[in-house]
Structure formats: structure tokens, C-alpha cells
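See below for the structure under consideration.
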Amino acid sequence: MQHDDVVWAIINKTHCSHKVTTKTQQFCRNEYNLTGLCSRSSCPLANSKYATIREENGIIYLYMKTAERIMFPAKQWEKVKLSRNFEKAIHQINENLLYWPAFIKAKCKQRFVKITQYLIRMRKLKLRRVKELVPIQRKIERRERRREEKALVAARIDNAIEKQLLERLKKGTYNDIYNFPQMAFDAALKAEEISDESESEKEDEDEVEREIEPELERELEKAVEQTDEFVEADSDIDSAEESDSGRKENVDVNSDFESETSDIEDVADSVLRKKKPRVEIEYETESVASVSKKKLKH
Amino acid sequence: MSLSVARPLVSVYSEKSETVQGAAKPLPFVFKAPIRPDLVNDVHVSMSKNSRQPYCVSKEAGHQTSAESWGTGRAVARIPRVRGGGTHRSGQGAFGNMCRGGRMFAPTKPWRRWHRRVNLRQRRAALAAAVAATGVPALVQARGHIIEKIPELPLVVADKVQEINKTKQAVIFLRRLKAWSDILKVYKSQRLRAGKGKMRNRRRIQRKGPLIIFNKDQGLTRAFRNIPGVELLNVNKLNLLKLAPGGHLGRFVIWTQSAFGRLDPLFGSWKTPSKQKKNFNLPQPKMANTDLTRLLKSDEIRKVLRAPNKRVIRATRKLNPLTNNKAMLKLNPYAAVLKRKAILELRRRKNLKALADAEKSGLKLSKRNPAMKAEKLRERRRKNIKEALAKKPKKPVAKKTPPPPKKKADKKPKAEKAVKPKADKPKG
């Protein structure tokens with residue numbers, strides 16, 4: 001009691017950590033405050049005799065504090081559970097705050113009414129199915145979208161598909177004639193050529209023997225001869241063209257595929273490796289002879 | 001507050017936060033010292049200037065040129081300009097605070113008065129106030145410390161605490177005392193400083209936690225110093241900057257038993273001077289009893305006051321008597337008579353005029369016409385009066401000079417007035 005006025009003078013004038021000021025009003029964020037406003041009669045710190053109503057998990061309690069217990073903060077607040085019946089609870093409040101200042105009594109009852117009302121409302125709301133509004137977090141959305149794009153690029157789906165298709169081809173899942181677009185064909189061949197060059201070195205070291213079917217062998221020989229011819233005739237100029245034309249002179253794939261389904265892979269590998277790139281694909285263009293003739297004309 | 005203090009017993013708590021029986025101490029007198037926030041703030045402001053390091057700009061900054069003004073006549077401002085040529089710098093202004101590359105206005109000097117001395121009495125009084133404020137739970141809470149669950153304030157702990165030398169034990173001790181929530185608050189408040197302090201070795205900031213005041217350090221400092229927010233202080237060297245950080249009263253303090261015992265000899269009481277501080281007595285408060293509301297309601301004061309004047313005089317509106325009848329009557333009650341008379345006179349004249357007009361024009365007025373009615377009534381009354389007079393027994397009356405014959409108009413209203421109460425209905 002002694003200190004109340006001193007405390008209020010200090011809290012009001014200098015610093016109170018629970019005080020929140022706005023342009024028109026001062027609020028008190030102390031959880032035991034009865035009204036929520038910062039004023040002399042409703043400051044729980046500046047009144048040694050004080051009471052509040054608070055609810056915890058839906059149960060409403062009356063908290064009381066007296067001057068005798070101020071020095072023992074742990075035992076300061078006396079907690080009285082209020083009955084679920086509204087009228088009985090009001091009676092309880094009256095009884096407990098019998099000789100207390102009228103302001104506190106009145107505000108306690110008001111607060112009690114408000115708390116019961118909002119608890120009722122909460123219970124009603126829970127029964128109804130409430131659509132929960134989830135706000136879109138712009139920053140996160142932006143970030144995720146960009147990351148998706150990057151992931152898409154990083155996955156390099158086109159390459160994977162290409163590889164898959166080639167693998168399937170090699171495996172022989174496509175038994176029938178398959179049309180390839182020229183560009184992709186050339187690109188694949190070029191790639192094989194590069195890998196072939198590097199691999200040829202490897203092969204010398206490894207000396208891996210591969211079994212080749214006789215038919216294929218014949219065709220390979222044929223191709224070799226033809227390429228050799230080209231080399232003799234136009235060595236410098238047509239070297240690039242040579243290789244191209246060599247590629248174009250392809251063996252009929254059909255027969256090969258049909259006959260040697262098991263060894264297709266080995267054959268294909270050997271063919272690819274030993275020679276200038278020769279993919280076993282049927283190509284509906286000029287025949288070997290016509291192409292060669294054309295070359296000679298040049 | 002001062003002269004007749006009740007000194008409650010403060011119980012001592014063991015490091016396991018149980019009361020130590022029989023070791024309750026009476027509250028030292030310091031805790032009843034007057035709490036003066038203004039004094040504490042002033043002293044704090046001055047004291048905190050004492051740890052400053054001087055700063056200043058270089059002495060020659062801005063003057064390391066040999067610039068001279070070109071004077072008038074060259075169509076340029078008269079600021080000194082750099083001599084020579086061949087660089088950008090030549091011809092540019094120099095020396096002024098407004099010039100680029102010039103010296104600043106009032107260059108800061110190292111001989112600025114950085115430190116302040118504070119009077120000894122003020123310092124001691126401020127310290128006493130700060131210590132007193134640590135014993136008021138409201139002030140400690142208002143400053144922002146979480147002391148909801150601590151057993152008592154001021155919080156005194158047994159001396160065994162001074163022997164704690166492991167931080168782990170220190171944490172357990174604080175937890176048992178329920179002071180840990182204050183330290184949790186410190187953890188939550190750790191953040192980077194706003195502003196350039198970041199690059200000036202003041203990068204991180206946090207709020208203050210509890211202050212532990214001991215008498216003899218037997219490992220206590222080393223155990224507690226790594227806990228964020230906790231500060232240690234020897235009771236013989238109390239520091240206002242720690243007891244009232246920021247100039248705000250009410251730090252959360254944990255005292256050890258021996259430290260608590262030292263407070264009385266340190267500060268003394270009002271009657272006995274302090275043993276430690278020479279010529280020091282606790283400052284006298286301005287009010288012995290600070291409970292103003294209670295004082296104003298007390299009988300002693302009420303008796304001396306005069307009775308309160310509860311009469312509320314409200315400004316009344318002045319009503320014009322000439323327009324407002326009630327106001328007129330308040331002032332002059334006879335006005336009612338005059339008014340009434342005038343009204344009746346008016347009516348009578350109107351009726352007579354009507355009759356005269358009717359005679360002149362030869363029109364016969366209907367019986368219902370008010371003029372006719374009035375005339376009829378008058379006749380009837382005249383007859384009644386005559387009869388009444390005739391009936392009355394004639395007394396020998398002293399001869400009076402009869403009143404002078406009045407005009408017909410005057411007589412009639414009088415007669416009417418006399419008969420008025422007998423009349424059935426008012427004319428009109």
C-alpha cells in the first residue's frame with residue numbers, strides 16, 4: 001500500500017515495459033490487467049490490491065492479489081475457479097470481492113461476461129466447418145517457382161529421353177522400320193565418332209575381341225573397301241565428306257536386326273567401334289553405288 | 001517510510017530453493033530508502049560518460065592545402081581556392097565547411113570534457129535508491145524481468161552459492177529458483193545491433209538478465225559468467241550502472257546471504273550512520289508516508305478541512321419578461337391582472353362594435369353570434385343583479401356619495417367580473 005503511489009509515479013513517468021502507447025490511448029500488455037488500458041486504477045503493478053478474471057483452456061478463474069502477498073511473487077495470485085453456471089459465477093465474484101473497490105468489482109464482472117461470450121462463440125465456431133484461409137506467401141511462391149524452372153533445366157529431360165530411346169533401339173524393342181530425322185541422326189553419329197576416337201585408343205590397350213556374325217562381317221568388309229576407295233581417290237578434300245559418305249553407306253539393318261537379336265548389342269558396338277561411325281539404321285536415300293558415283297563425279 | 005519502518009523478515013533460500021529455517025534476516029534499512037528516479041537518472045547519465053574514449057578528427061584535416069582566395073573581380077565566389085594547375089583540384093574551393101575536401105565546421109577536439117564528476121552524496125543517494133528499487137516487485141516487473149515464479153523478493157540465497165564453480169550447477173541453481181525464465185528472455189532477445197555499431201565491435205545486443213551480488217567469490221563468477229544476461233557484482237563495490245541499467249530502476253537481483261548482511265553496515269540506517277561510508281546517512285525522504293490516496297481519505301486530514309461545497313450552480317438562461325409570461329409574473333405578479341383586464345376589454349369592445357355595426361347596417365345578427373350572446377348574457381345578469389339587490393333587506397346605510405356615473409363600458413366589465421364566478425361558461 002505504501003508503495004503504490006510511488007510505483008505509479010515511476011511507472012507512468014519513466015518506463016514500463018508493458019505499456020504500449022498509441023496516438024490516442026495507452027494500453028497495458030500485462031496479462032493480469034483487467035481492462036487492457038494503462039491507467040492508475042487498472043495497473044496491476046501499481047495496485048497492491050487487485051483482481052482479474054482470466055481464462056485458461058476454457059475454464060474461467062478469478063485471480064486476486066493482496067498487499068500482504070506482494071513480496072512473494074510465486075504466491076501472489078490467489079486463483080478461484082468460477083462455476084460454469086453464469087449466475088453462480090457472478091455470485092462467486094460478488095462473494096469473493098465483497099469489500100473491494102467498486103471499480104474492480106464492476107470491471108471483473110464485465111470481463112467475465114465478455115470472456116463467457118467469446119468462449120461460447122469459439123465453441124459454436126468449432127462445430128461449424130470453417131474454411132481455413134491459408135495466406136499465400138509471396139516470397140516462398142516466387143522462390144519455389146524459380147527452383148522448379150531450374151530443376152527442369154538441370155534434369156535435361158531431352159537428353160535422358162534421347163538416351164532412353166537409343167537404348168531401346170539397341171535393345172531391339174522397335175523391331176520395325178523406324179524413321180529418324182536427319183539432324184538427330186547426324187548428331188548422334190558425330191557423337192559416336194568422337195567417342196570412337198577416344199575409345200579406339202582404349203581398345204588397343206584392352207584388346208577386346210568381339211564376335212561378329214558372318215553376314216555383318218561381309219558388310220563390314222564391303223564398307224571398309226568402299227571407304228578405302230574413297231580415301232585413295234580424294235584424300236585431303238573429301239576427308240570429312242568421306243566420313244559422311246561412309247556413314248551414309250549403311251548396311252541394311254533389317255536383316256541384321258532380325259537375325260541377330262541377341263548379339264545385336266555386341267554387333268552394334270563392334271560396328272560402331274571398329275569402323276568410322278556406322279549406325280545400323282536403314283536409310284531411305286540413295287543406294288551405295290549411286291552415292292559413290294556422285295562422289296567420283298566431283 | 002523512514003522513521004517508523006516495519007522491517008519484515010526476509011527468508012533465506014538454499015541453493016535447492018528451499019527456505020533455510022531460522023536464517024531469516026530483517027530487511028536492511030536501504031530497502032526503505034526513498035526511491036528517486038530523477039536522481040538515479042541524472043547520476044546514471046553522468047556516470048556512463050566516464051568510460052568513454054575520446055574521438056576527434058585529424059588536426060590538419062582540410063587544411064593541408066595552400067589555398068588562397070582569388071578575391072573579387074573574377075566572377076567567382078570568394079572562397080579560398082587551391083593554387084596551381086594541371087589537376088582537377090586546382091581552383092576548387094578549400095578550407096570551408098561547405099567545400100568538398102574542406103574541414104568540417106567546428107572540428108571535434110580531443111580535449112572535449114568527456115568525463116563528469118558526480119557529487120559523492122548524490123552518488124551514494126542514487127545507489128541507495130537503486131538498491132531500494134530492487135526490492136519492489138512492481139518496479140522489477142515494470143523494467144521487464146520475468147519474476148512471476150520466484151519465491152520472494154528480495155531474493156536471498158545461502159552462501160553455498162558462492163562456491164559453485166561449474167556452469168552446469170549454476171544453471172540448475174537458477175532453474176530451481178525459477179529465475180530461468182528471465183534468462184530465456186535474454187536468449188530470445190539476442191540480435192544484431194542496428195546501425196554502424198555492427199562494424200565497430202558492438203555487433204550483438206541482448207537484454208539484461210539477473211544480477212547476482214555476492215560477498216566472497218569462491219568460483220561463483222566463473223560459473224555464472226557464461227550464462228547470457230547474468231552479471232556478477234561484489235557487494236562492497238556496488239555499481240549504479242549495473243543496478244539501474246539505462247537509468248531505469250528495478251533490476252532483478254539475487255543476493256547471497258553474506259552480501260545481504262553487508263548492506264546494513266554499508267548503508268546504515270537513519271539513526272545510525274554507515275560504518276563503511278564516512279559521514280553517510282541514508283537520505284531522508286520527502287514524505288514519510290507515501291500513500292497519498294490513503295492520506296487524503298484519512299480522518300486526520302478530513303477533520304481539518306471545511307465541508308465540501310457540493311452545490312452546483314449552473315448558468316441559467318435569461319428569459320425576456322416582455323415575451324415570456326412566466327418571467328414577467330415572477331417579476332410583477334400584478335401584470336396578470338392588467339393583462340386579463342386588457343383582454344376582456346378588447347373582447348367587449350369588439351362585441352359592442354359588432355352590435356353597433358349590425359344596427360347601423362340593419363342586419364340582424366344571429367342568436368349564435370358571440371356579440372349577441374354577450375349582449376344576452378349581460379342583460380340576464382343585469383336582471384339577476386337587480387333581483388338580488390331587491391331581495392336583500394334594506395339596511396339604514398350611511399349616506400355615501402354615490403360614485404360618479406361611470407361609462408357604460410367600464411361598468412359592464414365590472415359587473416361581469418362580479419358575476420363571473422356565477423357564469424356558466426366563459427364568454428367567447
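Read top to bottom, the protein sequences are chains A and B. For the first sequence, position 191 matches number 191 in the UniProt record's numbering, and the numbering has no gaps at all. For the second sequence, position 208 matches number 208 in the UniProt record's numbering, and the numbering has no gaps at all. Don't be surprised by glycine CBs; every beta carbon is placed ideally from N, CA and C. Computed from a predicted structure; not experimentally measured.
Use the C-beta contact count for G86 of chain B: other C-beta atoms within 10 angstroms, 16 or more gives buried, fewer gives exposed. Counting from 1 along the second sequence, the entry for residue 86 of chain B is found at position 86. Exposed.
Chain A beta carbons: is any one of them nearer than 9 Å to that of H44 of chain B? Translated into positions along the second sequence, residue 44 of chain B becomes position 44. Judged by the 9 Å Cβ criterion, H44 of chain B is not in contact with chain A.
Kindly indicate if chain B contains any beta-carbon less than 9 Å away from that of A46 of chain A. As a working mapping, residue 46 of chain A is identified with position 46 in the first sequence. Yes, because at least one Cβ of chain B sits closer than 9 Å to the Cβ of A46 of chain A.
Below 9 Å on C-beta distance, what does M71 of chain A contact in chain B? Counted from its first residue, the first sequence places residue 71 of chain A at position 71. Near M71 of chain A (Cβ distances below 9 Å), the residues of chain B are P8, V10, G135, P137, E152, L153, P154.
Is I53 of chain A helix, strand or coil when you go by DSSP? For the purposes of this step, residue 53 of chain A is taken as the residue at position 53 of the first sequence. Residue state, collapsed to three classes: strand.
Strictly under 9 Å for the Cβ-Cβ distance: is Q76 of chain A near chain B by that measure? On the first sequence, position 76 is the one that residue 76 of chain A refers to. Judged by the 9 Å Cβ criterion, Q76 of chain A is in contact with chain B.
Within 8 Å of chain A by C-beta, residues of the region 83-109 of chain B in sequence order: Residues: none.
So the candidates are B:G62, B:E60, B:G91, B:T65; which of them puts its Cα closest to the Cα of A75 of chain B? Residue mapping note: residue 75 of chain B aligns to position 75 of the second sequence, counting from 1. For the residues B:G62, B:E60, B:G91, B:T65, the minimum Cα distance to A75 of chain B belongs to B:G91.
Is H91 of chain A close to chain B? Criterion is C-beta to C-beta, closer than 9 Å. The residue labelled residue 91 of chain A in the question sits at position 91 within the first sequence. So no, H91 of chain A is outside the interface.
Rounded separation between residue 317 of chain A and K65 of chain A - CA only: In the structure as shown, chain A begins at 1 and stops at 298. Residue 317 of chain A is therefore absent and cannot be evaluated.
Could you name the residues that DSSP lists as bridge partners for I205 of chain B? Taking the first residue of the second sequence as 1, we reach residue 205 of chain B at position 205. DSSP lists B:R191 as partners of I205 of chain B.
Taking only three categories from DSSP, how would you classify N325 of chain B? Taking the first residue of the second sequence as position 1, residue 325 of chain B is located at position 325. Note: N325 of chain B maps to helix in three-state DSSP.
Give, in chain order, every residue of the region 229-250 of chain B whose Cβ lies closer than 7 Å to some Cβ of chain A. H248, L249
Excluding sequence positions up to five away, which residues of its chain have a Cβ less than 8 Å from the Cβ of E15 of chain B? Translated into the one-based positions of the second sequence, residue 15 of chain B becomes position 15. Counting only residues of its own chain and dropping the five nearest sequence neighbours on each side, E15 of chain B has a CB closer than 8 Å to the CB of V157, A158, K160, V161, I164, F173, R176.
Is the region 179-189 of chain B touching the region 120-136 of chain B, taking contact as three or more C-beta pairs under 8 Å? no
Give the DSSP-derived three-state secondary structure of E207 of chain A in the structure shown. On the first sequence, position 207 is the one that residue 207 of chain A refers to. With a pLDDT of only 46 at E207 of chain A, under the threshold of 50, the placement of this residue in the model should not be trusted; the figure read from the coordinates follows. It is coil, neither helix nor strand.
Taking L119 of chain A as the reference, give the member of A:D158, A:H91, A:E56 with the closest Cα. As a position in the first sequence, residue 119 of chain A is number 119, starting the count at 1. Among A:D158, A:H91, A:E56, the Cα nearest to that of L119 of chain A belongs to A:E56.
Within the continuous alpha helix (DSSP H) that includes T116 of chain A, where are the two ends? Here residue 116 of chain A corresponds to residue number 116 of the first sequence, with the count starting at 1. Run containing T116 of chain A: 102-127, per the alpha helix (DSSP H) assignment.
Please decide whether I147 of chain B counts as near chain A, where near means a Cβ-Cβ distance under 9 Å. In the second sequence, the residue the question calls residue 147 of chain B occupies position 147. Yes, I147 of chain B counts as interfacial toward chain A.
Please identify, using Cβ separations under 7 Å, the residues of the region 11-42 of chain B that lie next to chain A, in order along the chain. I35, P37
Given 8 Å as the limit, is there contact between the region 133-153 of chain B and the region 244-262 of chain B, that is, 3 or more CB pairs closer than that? yes
With contact counted as at least three CB pairs below 8 Å, one residue from each stretch, are the region 264-272 of chain B and the region 281-294 of chain B in contact? yes
Between which two residues does the beta strand (DSSP E) containing T293 of chain B stretch? The residue you call residue 293 of chain B lines up with position 293 of the second sequence. In this chain, T293 of chain B is not harboured by any beta strand (DSSP E); it is covered by the alpha helix (DSSP H) spanning 292-297.
DSSP puts S69 of chain B in a beta bridge; with which residues? For the purposes of this step, residue 69 of chain B is taken as residue 69 along the second sequence, with counting starting at 1. DSSP lists B:P80 as partners of S69 of chain B.
Name the residues in the region 10-33 of chain A whose C-beta lies less than 9 Å from a C-beta of chain B; which are they? I10, I11, K13, T14, H15, C16, S17, H18, K19, N30
If contact is defined by three or more beta carbon pairs under 8 Å, each pair taking one atom from either stretch, is the region 141-155 of chain B in contact with the region 293-302 of chain B? no
Quick one: what does DSSP say F95 of chain B is sitting in, helix, strand or coil? Here residue 95 of chain B is taken as the residue at index 95 of the second sequence, counted from 1. Three-state DSSP puts F95 of chain B in coil, outside helix and strand.
Smallest Cα separation from V118 of chain B: which of B:P107, B:S258, B:M47, B:R100? On the second sequence, residue 118 of chain B is found 118 positions in, with the first residue counted as 1. Minimum Cα distance to V118 of chain B is reached at B:M47.
Starting from M47 of chain B and walking both ways along the beta strand (DSSP E), at which residues does that stretch end? Numbered from 1 along the second sequence, position 47 holds the residue referred to as residue 47 of chain B. From DSSP, M47 of chain B is part of no beta strand (DSSP E) but of the alpha helix (DSSP H) over 37-48.
What do you reckon, are the CB atoms on L34 of chain A and F27 of chain A nearer than 9 Å? The sequence position of residue 34 of chain A within the first sequence is 34, counting from 1. The sequence position of residue 27 of chain A within the first sequence is 27, counting from 1. No.
Only counting the same chain, and skipping five residues up and downstream in sequence, which positions put a Cβ closer than 6 Å to that of K178 of chain B? By 1-based counting over the second sequence, the position of residue 178 of chain B is 178. Closer than 6 Å at Cβ, skipping near neighbours: K149, I150.
N- and C-terminal bounds of the beta strand (DSSP E) containing M64 of chain A: Here residue 64 of chain A is taken as the residue at index 64 of the first sequence, counted from 1. Boundaries of the beta strand (DSSP E) harbouring M64 of chain A: 59-65, taken from the DSSP string.
For D4 of chain A, return the contacting residues in chain B, with the cut-off set at a CB-CB distance below 7 Å. Indexing the first sequence from 1 puts residue 4 of chain A at position 4. The answer, in chain order, is D291.
Extent of the continuous alpha helix (DSSP H) run through K383 of chain B: Counting from one through the second sequence, the residue named residue 383 of chain B turns up at place 383. Here the alpha helix (DSSP H) through K383 of chain B covers 370-391.
Taking C-beta to C-beta, are R78 of chain B and S69 of chain B nearer than 9 Å? Taking the second sequence and counting its residues from 1, the one referred to as residue 78 of chain B is at position 78. Taking the second sequence and counting its residues from 1, the one referred to as residue 69 of chain B is at position 69. Yes, the Cβ-Cβ distance between R78 of chain B and S69 of chain B is below 9 Å.
Considering only their Cβ atoms, is the gap separating D4 of chain A from A51 of chain A smaller than 9 Å? As a position in the first sequence, residue 51 of chain A is number 51, starting the count at 1. As a position in the first sequence, residue 4 of chain A is number 4, starting the count at 1. Not in contact: A51 of chain A and D4 of chain A (Cβ atoms no closer than 9 Å).
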